[in-house]
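Numbering (full-length UniProt numbering), first residue to last: 1 to 665. Please read the structure below before turning to the comments.
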């Protein structure tokens, strides 16, 4: 698969056309730069830049998985291709019977399903041990039902991993479960019950009345569990090493403390005894779990467990017709064999030129950030620590020199047997993460096909995938203004995280924390950002943290670009400098920098939500606030940059040139 060749000029013209289409040149850039940069978004263009990038990557991954095995493919890449193809044909003629047989055997072998006749419940119910059932489901299928379990850095000693008992995944959207725990009679829960009932009818051939009754019981059970849940955001191992403050006890102690056999559960989950202490990261939840289990009979508990288990294995209802099957199968491969996909993608799209451009850009950003760390508000001791921390920071793209070794016998026409083998083999390897001899690696490393950039404080590095360097979003022909404004700003935003309050308030592997006076000055400066956020979203701590990082990242990227410009000579580098503008866009290079930065965040106008979708929504912000958040991502950093106001001739006191400018780095 090769991309269509385009000349340098046609690439630049296409980019100029795309940027021009987004502009609303009748808007005043000094009143609302977001409206100026993004207001021309066509009503027909409903996808964001990130959504379009994700769609392109997924199509490329599907194409790579569809290919016949290549001689360059390692064993796990071949297995990923075979597993994907078996998933695609899982609903072909004659395959449905295999699915029904698999589900039937699965239920019978894992404690039974009281609501389903012939599921061995009469055999199991006398000695039903729900924690043993959950342990088996985790050990062989990796399922997180009722018990959340994370293997991550031991925050007291980050050179080793530890186990954390956390909140599990839920059927009810997390926002609804934690922040908006409504009355169980609310319509939002009715929609969830309806969905569960449809699944029970489709998967298990239940009658309408029986499925509705069971669905209400399942949702009600989980609604009670939500009463002990507090964690709105997904588990973040890298943040955990700074923010965690948990008790650490042996499993025998936790078993006594919570009145549940957590020791037996863990032994079954890992296939061996776990004698090292574990962290209790969700004390409120486990007390609520005990209360909820005690308040229900064993039949209700078993029904909930087995519904969640079957739901984790079967295809979504929308897949029945098969139209969305490739997307679902790709998501499954991403979840189970991400490194295999990464290896295929990297071999196709990673280039030496791209790597050199990345490292050069990273070095230029490091130099610019080093200048920022000379700011007067940093005390000399903290400044030296920060500069050493910065010099130790590295940029890493994914490397696949140690592929997974999985003992699998995959068959094209037996997806369910393949799935069982693969899940069992992957879970067997989990226990090895507890006893890694070298510095533990991230639980979810960035893969080559991802557009994430992640700061890894334990490893002192930034990780990013190759997806960010793919056209049409990135192309060396666009010029350095766009390179620094997009990829440069994205990298810089993660680099400055090493010096924010979270990552600098606590020493990690060495003495890298700041002094009290520097800390106090940083917090004073943070209050300025909090006031800016309040104009858009009200008091919002999370948005304030993001604005601080985005503003510092933009400032660092712009200074790095100006430094690069300063090294260009008008006579010798004339041709290169002419490439800093785009054909047909009547803006100088520095104005293009700000426009390109803003257009990364363009969102289409929000359509009116239907009543049903509004009820399902689990977003953190309302539609109005979501709209404001996009504006804040653009206007917030730019209004703090004097060079922006100078470029667009914004008079003092205009919205984009306020008297109070917020600055950290």
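Just so you know, even glycine gets a beta-carbon here, dropped at the ideal spot from N, CA and C.
Of all alpha-carbon atoms in 585, 117 and 448, the one lying nearest the alpha-carbon of residue 206 is that of 117. Of the residues 293, 573 and 555, the one whose Cα lies closest to the Cα of residue 258 is 293. The C-beta of residue 548 has 16 or more other C-beta atoms within 10 Å across all chains shown, which makes the residue buried. Approximately 7 angstroms separates the beta-carbon atoms of residue 32 and residue 635; this is inside 8 angstroms, confirming the contact.
Contact between residue 395 and residue 461 holds: CB atoms are separated by about 7 angstroms, below the 8 angstroms threshold.
Within the stretch 366-409, the complete alpha helix (DSSP H) runs of at least 4 residues fall at 380-392. Residue pairing of residue 149 in beta bridges, as defined by DSSP: 165.
Secondary structure of residue 250 (DSSP, three-state): coil.
Judged by DSSP secondary structure, residue 279 falls within the beta strand (DSSP E) whose first and last residues are 278-280. A Cβ-Cβ distance of about 35 angstroms is found for the pair residue 382 and residue 278, leaving them out of contact under the 8 angstroms criterion.
Check the Cα spacing between residue 514 and each of 438, 542, 387 and 476: the tightest is with 387. Look at residue 60 here: in three-state DSSP terms it is helix. The three-state secondary structure of residue 412, taken from DSSP, is coil. For residue 76, the uninterrupted alpha helix (DSSP H) run begins and ends at 75-88, by DSSP.
Rounded to whole angstroms, residue 346 and residue 466 show a C-alpha spacing of 7 angstroms. For the pair residue 219 and residue 192, the CB atoms are nearer than the 9 angstroms cut-off. One alpha carbon belongs to residue 431, the other to residue 664, and they sit about 43 angstroms apart.
In this chain, residue 23 is not harboured by any alpha helix (DSSP H), its DSSP state being neither H nor E. Taken in chain order, no unbroken stretch of beta strand (DSSP E) lies wholly in the stretch 521-587 with a span of 3 residues or more. Residue 301 and residue 113 have their alpha carbons spaced roughly 10 angstroms apart. Under DSSP, residue 256 shares a beta bridge with no residue. From the listed residues 497, 416 and 390, the smallest Cα separation to residue 453 is found for 497.
For residue 343, the enclosing alpha helix (DSSP H) starts and ends at 338-349. Contact between residue 492 and residue 553 holds: their C-beta atoms lie close to 4 angstroms from each other, under 8 angstroms. When only Cα atoms are considered, residue 297 and residue 133 end up about 16 angstroms apart.
Nearest to residue 593 by C-alpha distance, out of 570, 15 and 561, is 561.
According to the DSSP secondary-structure assignment, residue 160 is paired through a beta bridge with no residue. In the DSSP assignment, residue 455 falls within the beta strand (DSSP E) that extends over 453-456. Distance from the CA atom of residue 92 to the CA atom of residue 263, rounded to whole angstroms, is 43 angstroms.
Beta-bridge annotation (DSSP): residue 154 is paired with 157.
Non-local beta-carbon contacts of residue 350 in its own chain, meaning distances under 6 angstroms to residues more than five positions away in sequence, involve 466 in chain order. Beta bridge pairing from DSSP links residue 463 with 396 and 454. When DSSP states are grouped into helix, strand and coil, residue 72 belongs to the coil group.
Between the alpha carbons of residue 332 and residue 400 lies a distance of about 20 angstroms.
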